[in-house]
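Visitor:
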Amino acid sequence: MSSAITLRQVGIVEVDAGQNVTVVQPSNLYGCRLGNDVFVGPFVEIQKNVSIGARSKIQSHSFICEYVTLGEDCFVGHNVTFANDLFKGGDPNTDAASWGRTQIGDRVAIGSGATVLAVNICSGAVIGAGSVVTKDITRKGIYAGNPARLLRELDP
């Protein structure tokens, strides 16, 4: 092995976890908070300054970047990506203070393969598989597409 390579193991570091939390390995979680009864599938990365609400489920191969708050009783499908650096200057911005913040309400379902940028999503919304959420979602409904659009409102 080359001495120019720094090898870091996946793992769970500095995670504040509630009761009855399940994390399937391999997963990489650090500096985040997991509420009671949270499930995290394999091959998931959850970065620092993330909060996952009680009874939420994160399926395999999902990536949750810094500064995401996920409410209670949420479902995040397989291979969902959260991104908070919008490359406004054309390049990645290493200044965390400039990154967006993402707020997801309670009982939100996000379908497999969706991408969620730095937005707010209201409680009870459903995001279809493969959707790209680029703007705030303020009405309870079913959203899909690129960019995600309201397909149908749901009862309040």
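So the sequence shown is numbered by our numbering: it starts at 2 and just counts up by one.
All C-beta atoms, glycine included, are put in the ideal place defined by N, C-alpha and C.
State the Cα-Cα distance for the pair residue 47 and residue 35, rounded to the nearest angstrom.
Guide: Taking the first residue of the sequence shown as position 1, residue 47 is located at position 46. Taking the first residue of the sequence shown as position 1, residue 35 is located at position 34. Approximately 10 Å between the Cα atoms of the pair.
Visitor: For the beta strand (DSSP E) holding residue 104, just list the boundary residues, first then last.
Guide: On the sequence shown, position 103 is the one that residue 104 refers to. Unbroken beta strand (DSSP E) run through residue 104: 103-105.
Visitor: At which residues does the beta strand (DSSP E) containing residue 143 begin and terminate?
Guide: What you label residue 143 is simply residue 142 of the sequence shown in a count that begins at 1. First-last of the beta strand (DSSP E) with residue 143: 142-145.
Visitor: Shortest alpha-carbon distance to residue 70 belongs to which of 57, 90, 89 and 79?
Guide: Along the sequence shown, one-based indexing puts residue 70 at 69. Checked all of 57, 90, 89 and 79; the closest Cα to residue 70 is 57.
Visitor: Does the separation of the CB atoms of residue 111 and residue 133 fall below 7 Å?
Guide: Working through the sequence shown from its first residue, we reach residue 111 at position 110. Working through the sequence shown from its first residue, we reach residue 133 at position 132. The answer is no: Cβ separation not under 7 Å.
Visitor: Restricting to runs no shorter than 3 residues, where is the beta strand (DSSP E) found entirely within the region 36-89?
Guide: 69-71
Visitor: Would you call the CB atoms of residue 14 and residue 42 closer than 7 Å?
Guide: Position 13 of the sequence shown, counted from the first residue, corresponds to residue 14. Position 41 of the sequence shown, counted from the first residue, corresponds to residue 42. Contact: no.
Visitor: Let's test the definition: count the other Cβ atoms within 10 Å of the Cβ of residue 98 and tell me whether it reaches 16, buried, or not, exposed.
Guide: Residue 98 sits at position 97 when you count from the first residue of the sequence shown. Residue 98 should be labelled exposed.
Visitor: Measuring alpha carbon to alpha carbon, tell me which residue in 62, 54, 53 and 144 is nearest residue 44.
Guide: Mapped onto the sequence shown, residue 44 falls at position 43. Cα-wise, what sits closest to residue 44 is 62.
Visitor: Apply the 10 Å Cβ neighbour rule to residue 85 and answer buried if 16 or more other Cβ atoms are within range, or exposed otherwise.
Guide: For this step, residue 85 is matched to residue 84 along the sequence shown. Buried: at least 16 other Cβ atoms inside 10 Å.
Visitor: Does the Cβ-Cβ distance between residue 150 and residue 125 come in under 7 Å?
Guide: Taking the sequence shown and counting its residues from 1, one reaches residue 150 at position 149. Taking the sequence shown and counting its residues from 1, one reaches residue 125 at position 124. Using a Cβ distance threshold of 7 Å, residue 150 and residue 125 do not count as a contacting pair.
Visitor: Could you tell me the boundaries of the beta strand (DSSP E) in which residue 154 lies?
Guide: As a first step, residue 154 is located in the sequence shown; it is residue number 153 there, counting from the start. Residues 150-154.
Visitor: Verify whether the separation of the beta carbon atoms of residue 113 and residue 91 is less than 7 Å.
Guide: Along the sequence shown, one-based indexing puts residue 113 at 112. Along the sequence shown, one-based indexing puts residue 91 at 90. Result no, Cβ atoms of residue 113 and residue 91 do not sit closer than 7 Å.
Visitor: May I ask you to list the residues that DSSP assigns as paired with residue 29?
Guide: Stepping through the sequence shown from its first residue, residue 29 is reached at position 28. Partner(s): 46.
Visitor: Would DSSP call residue 115 helix, strand or coil?
Guide: Counted from its first residue, the sequence shown places residue 115 at position 114. The answer is coil: DSSP assigns residue 115 none of H, G, I, E or B.
Visitor: Any beta carbon of chain D sitting closer than 7 Å to that of residue 140?
Guide: The displayed structure is made up of one protein chain only, and chain D is not part of it.
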